[in-house]
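Novice: My structure is below; once you've seen it, I'll send some questions.
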Amino acid sequence: MKNFSITLLLCVLLHPFLKAQLYTPSPAAVQKSKALLAKMTLAEKIGQLTLYTTDWGSTGPTIREGYKNDIKSGACGNLFNSHSTAFTRELQKVAVEETRLKIPILFGFDVIHGYKTIFPIPLGEACSWDLAAMEQSAHIAAKEAAAAGLHWTYAPMVDIGRDPRWGRVMEGAGEDTWLGCRIAEARVRGIQGSKLGQTDRLVACVKHFAAYGAATAGRDYNTVDMSERFFREYYLPPYEAAVKAGAASVMTSFNDYDGIPATGNKYLITNILRKEWGFKGFVVTDYTSMNEMVNHGVVADDKAAGELSINAGVDMDMQGSIYQRFLAQSVKEGKATLKLIDDATLRILQIKYDLGLFDDPYKFCDAEREKATLLAPEHRAAAREISRKSIVLLKNDKNVLPLKKNQKIALIGALADNKTELIGNWNGAGNAEDCITLRNGLRDGNVTYVKGCEVDGSDRSGFEAAINAAKQADVVVIAVGEKAMMSGEAASRSDITLPGVQEDLVLELVKTGKPVVVVLMNGRPLAIPAIAENATAILETWWLGTEAGNAIADVLWGDYNPSGKLTMTFPRSVGQVPVFYNYKSTGRPYDPNSKWNSRYIDIVNTPQYPFGYGLSYTTFKYSTPTCDKTTFKQGEKIKVSVTVTNSGSRDGEEVVQLYIHDLVGSVTRPVKELRGFQKIMLKAGESKTIDFTLSNDAFSFYRRNMTRGSERGDFEIMVGGSSEDTQKIKVTMK
Ligand code: BGC
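The numbers in my numbering rise by one with no breaks, and the one at position 394 of the sequence shown is 395.
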């Protein structure tokens, strides 16, 4: 018992230092892979560099069928979109019994926010600011997927999202680079665990490398153009953080960077990823992104696309069949070397060895484990917990929330009684039937449900019934938002207001004079100025997954005090996009009383709801922050302290956020940048003093000569409960 306590204590004390390491293949995997490579024909090697989808699903054009024949001939060594122990066992059997070298297949799948138990969409989950909970949900997702025959997931997606028109913002952590890095690390740890080969973990795949989130005009698959300074400062760090947390694979992106598509971009893959960061895992393309370089116009045909890719450092061709069709010929012509192919093959084999697949190719195909693991009660409980933490209370006039059980509630909206949309886009193997609707979640209340209108379309025929129900109720709860397929891949929107006539219905209900609580269900920040002004309360619930209805009900009833804070800014209008908290001052900062400055003539510059914003059923008061030294030497650590008091009458959690502002830099600096946060629980009336330690890294950036480091001078340090609600002190670095 004593030993156990000491070990536990050591674990707790050491936890922050037990950082996952860069993935390094084990010596045994390296040695065995080399021995196997020596026996392989060129065709067999190229087979290991080939990845096909099965007919169980696809996210793009399926350009190759007959994958079973390809397995048998050794022409395809990896598959995706095939899962369940039964199906993966069937396919694995072909590989290990019917091929010459019996090399096991690697099975991949997009497990983005859950496999069977579906968690909140990643953007929603990020709003919990709870890294441990995010790590846990990634672990549960991996555990379920690994129990269903899978080895590899295409997650985490770490693309910075500053443009809500881009539907894929739902898959990431939001707009902030520093927070994005912390979340990327947590998700990699959750997915991959401490080492490959555990049967409750998967190989992580960081995507989409690189800068995919900056698609011009928020239109998916669009090109990207930015300075290297901007790229390294804001877009690149989360990929690095994920790689350095141990992610063993990386996926290229569809876009170009500096004029060269990512899949053929040697600067990104070889120079930055492998040489600068020391990445030792393998690189896979995105779905046919190799072929798409022909459309980008940097190569004339598929064969040349393959040559550009292999020379750039791409190991595996997802669904393009280019390596399979042309790589051997390219070697003959001297346009690709055998050495490049050997290195790529080794990187993939090493991971198969480290997973233990050569010892037991069916290691992840245990039907009993699958049955016991999927949708286990403890997974649902964890999903409910993180779901309620992900909810952001945007408005709560007259403390209309929480609701009281004796109130008569008119529940309105198609999304309030819908299961399929709640599990959101990229919902793994999740089943809508397993999902708790909002209507079901509110089952203990005095609730009358009326649909009112659909999510989209122009039909107003249900308005009257909804208005009548509202008139007879004490309070209206209306669920509005997007359908799952309106966000995610290939789902950019030029208009990010509520689709259909939903907003009109909300405004009609407001006219009844009854308090109207709007429950938003959506995959991106929306522009909702009329609702922000007129609704009594607004809860942003994203798509919360399997336990959505229970989690929302927990918040509506006050069984859980909301604690989420936005990780992506809500604009007032799409015309403000991109709008984000860490903007730069400009030479003519906003002045509402003057014309000749950086502003619109028809709208204010400020967003509807800023980054870091979110209310609680209680209130928090902040002291002015203090610092142990107001003057410090470059490289020296400083300690910033703030006292936070729960000044309301309910216990609650608060996300205490710390931002810095470098007042004069050799290059322009943002008006504020997040550099730390702590999520704390305070009982009603309780105060706590929170300390933040800032090291040189917190003050560092890419200086004028492109080296990363700090510069002496004055800084403001701001602490508060939102990016727009902080108190500051000034410190000087000597
Ligand atoms: C997406 C990737 C995904 C891949 C495989 C692509 O279309 O961009 O994020 O991992 O398909 O499904």
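Even for Gly, the Cβ is constructed at its ideal location relative to N, Cα and C.
1) Closer than 6 Å to a non-hydrogen atom of the ligand BGC - does that hold for the CB of residue 56?
2) Would DSSP call residue 64 helix, strand or coil?
3) Tell me whether the beta-carbon of residue 565 lies closer than 7 Å to the beta-carbon of residue 391.
4) Specify the secondary structure class of residue 623 as computed by DSSP and reduced to three states.
5) Could you name the residues that DSSP lists as bridge partners for residue 53?
6) Using only the heavy atoms of the ligand BGC, determine whether one of them is closer than 6 Å to the beta carbon of residue 460.
7) Go through its chain and collect everything with a Cβ distance to residue 395's Cβ below 6 Å, but skip five positions before and after it.
8) Secondary structure at residue 655, three-state DSSP: helix, strand or coil?
9) Count the other CB atoms, across all protein chains shown, that sit within 10 Å of the CB of residue 536; report buried if there are 16 or more and exposed otherwise.
10) What are the uninterrupted segments assigned as alpha helix (DSSP H) that are 4 or more residues long and contained completely in the stretch 537 to 566, given in chain order?
11) Kindly examine the ligand BGC and report whether one of its heavy atoms sits closer than 6 Å to the Cβ of residue 68.
12) For residue 588, tell me which candidate among 202, 266, 190 and 671 has the shortest Cα-Cα distance.
13) How long is the line joining the alpha carbons of residue 195 and residue 483, rounded to whole angstroms?
14) Out of 70, 100 and 69, point me to the one whose CA is closest to residue 42's CA.
15) Could you name each continuous alpha helix (DSSP H) segment of 4 residues or more that falls completely within the stretch 203 to 231, going from the start of the chain to the end?
16) What separation, rounded to the nearest whole angstrom, lies between the Cα atoms of residue 373 and residue 92?
17) Quick one: Cα of residue 716 to Cα of residue 155, how far?
18) Please determine, among 433, 416, 418 and 417, the residue with the shortest C-alpha to C-alpha distance to residue 424.
19) Output needed for residue 329: all residues of its chain with C-beta closer than 8 Å, excluding positions within five of it in sequence on either side, in chain order.
20) Note down, one range per segment and in chain order, each alpha helix (DSSP H) of at least 4 residues found wholly within the stretch 320 to 362.
21) May I ask you to check if the CB of residue 318 is nearer than 6 Å to at least one heavy atom of the ligand BGC?
22) Applying the criterion that 16 or more other CB atoms from any shown protein chain within 10 Å of the CB defines a buried residue, is residue 719 buried or exposed?
23) Could you compute how far the alpha carbon of residue 734 sits from the alpha carbon of residue 691?
24) Would you tell me roughly how many angstroms separate the C-alpha atoms of residue 508 and residue 469, rounded to the nearest one?
25) Candidates 559, 652 and 729: which alpha carbon is nearest residue 401's?
26) Quick check on this structure: which residue in 626, 586, 494 and 681 has the alpha carbon closest to the alpha carbon of residue 668?
27) State the start and end residues of the unbroken beta strand (DSSP E) segment that holds residue 728.
28) In this structure, how does DSSP classify residue 444 when only helix, strand and coil are distinguished?
29) Taking its Cβ as the centre, do 16 or more other Cβ atoms sit within 10 Å of residue 177, making it buried, or is it exposed?
30) In this structure, how does DSSP classify residue 490 when only helix, strand and coil are distinguished?
31) Who are residue 533's beta bridge partners in DSSP?
32) Ignoring anything shorter than 4 residues, give me the alpha helix (DSSP H) runs that lie fully in the stretch 356 to 410, in order along the chain.
33) Measuring CB to CB, does residue 211 end up less than 7 Å from residue 240?
34) Less than 7 Å between the C-beta atoms of residue 497 and residue 414, yes or no?
35) When the Cα atoms are used, what is the spatial distance from residue 389 to residue 382?
36) Which residue from 685, 729, 554 and 655 puts its Cα closest to that of residue 631?
Specialist: In brief:
1) No.
2) Note that residue 64 scores a pLDDT of 47, beneath 50, so its modelled location is shaky and nothing firm can be said.
3) A contact, by the Cβ cut-off of 7 Å.
4) DSSP places residue 623 in the strand class (E or B) of the three-state scheme.
5) In the DSSP output, where bridge partners are listed per residue, residue 53 has 80.
6) The closest heavy atom of the ligand BGC lies 6 Å or more from the beta carbon of residue 460.
7) Within the same chain, and ignoring the five residues on either side of residue 395 in sequence, the residues whose Cβ sits closer than 6 Å to its Cβ are 539, 541 and 610.
8) Residue state, collapsed to three classes: strand.
9) Buried: at least 16 other Cβ atoms inside 10 Å.
10) As far as the stretch 537 to 566 is concerned, its whole alpha helix (DSSP H) runs of at least 4 residues are 549 to 558.
11) A distance criterion of 6 Å places the beta-carbon of residue 68 beyond contact range of the ligand BGC, judged by its closest non-hydrogen atom.
12) Residue 588 has its Cα closest to that of 671, out of 202, 266, 190 and 671.
13) Looking at the two C-alpha atoms, the distance is approximately 38 Å.
14) When C-alpha distances from residue 42 are compared across 70, 100 and 69, the shortest belongs to 100.
15) Those alpha helix (DSSP H) runs which fall completely within the stretch 203 to 231 and span 4+ residues do not exist here.
16) Straight-line Cα distance between these residues: approximately 23 Å.
17) Their Cα atoms are separated by approximately 40 Å.
18) Here the closest residue by C-alpha is 433.
19) The beta carbon of residue 329 is closer than 8 Å to those of 43, 44 and 47 in its chain, skipping five residues each way along the sequence.
20) DSSP runs (the alpha helix (DSSP H)) wholly in the stretch 320 to 362: 323 to 333 and 339 to 355.
21) No.
22) By the Cβ-count criterion, residue 719 is buried, with 16 or more other Cβ atoms from all chains shown falling within 10 Å of its own Cβ.
23) Near 22 Å, if we compare the C-alpha coordinates of residue 691 and residue 734.
24) When the Cα atoms are used, residue 508 and residue 469 turn out to be separated by approximately 14 Å.
25) Nearest C-alpha to residue 401: 559.
26) The candidate whose alpha carbon is nearest that of residue 668 is 586.
27) 726 to 734 is the span of the beta strand (DSSP E), which, as asked, contains residue 728.
28) If DSSP states are grouped into helix, strand and coil, residue 444 belongs with coil.
29) Classification of residue 177: buried, given that the 10 Å Cβ count is 16 or more.
30) Three-state DSSP puts residue 490 in coil, outside helix and strand.
31) Bridge partners of residue 533: none, in fact.
32) Those alpha helix (DSSP H) runs which fall completely within the stretch 356 to 410 and span 4+ residues are 368 to 374 and 378 to 391.
33) Between residue 211 and residue 240, the C-beta spacing is below 7 Å.
34) No, these two residues do not count as a Cβ contact at 7 Å.
35) Going by the C-alpha atoms only, they are around 11 Å apart.
36) Out of 685, 729, 554 and 655, 729 has the C-alpha closest to the C-alpha of residue 631.
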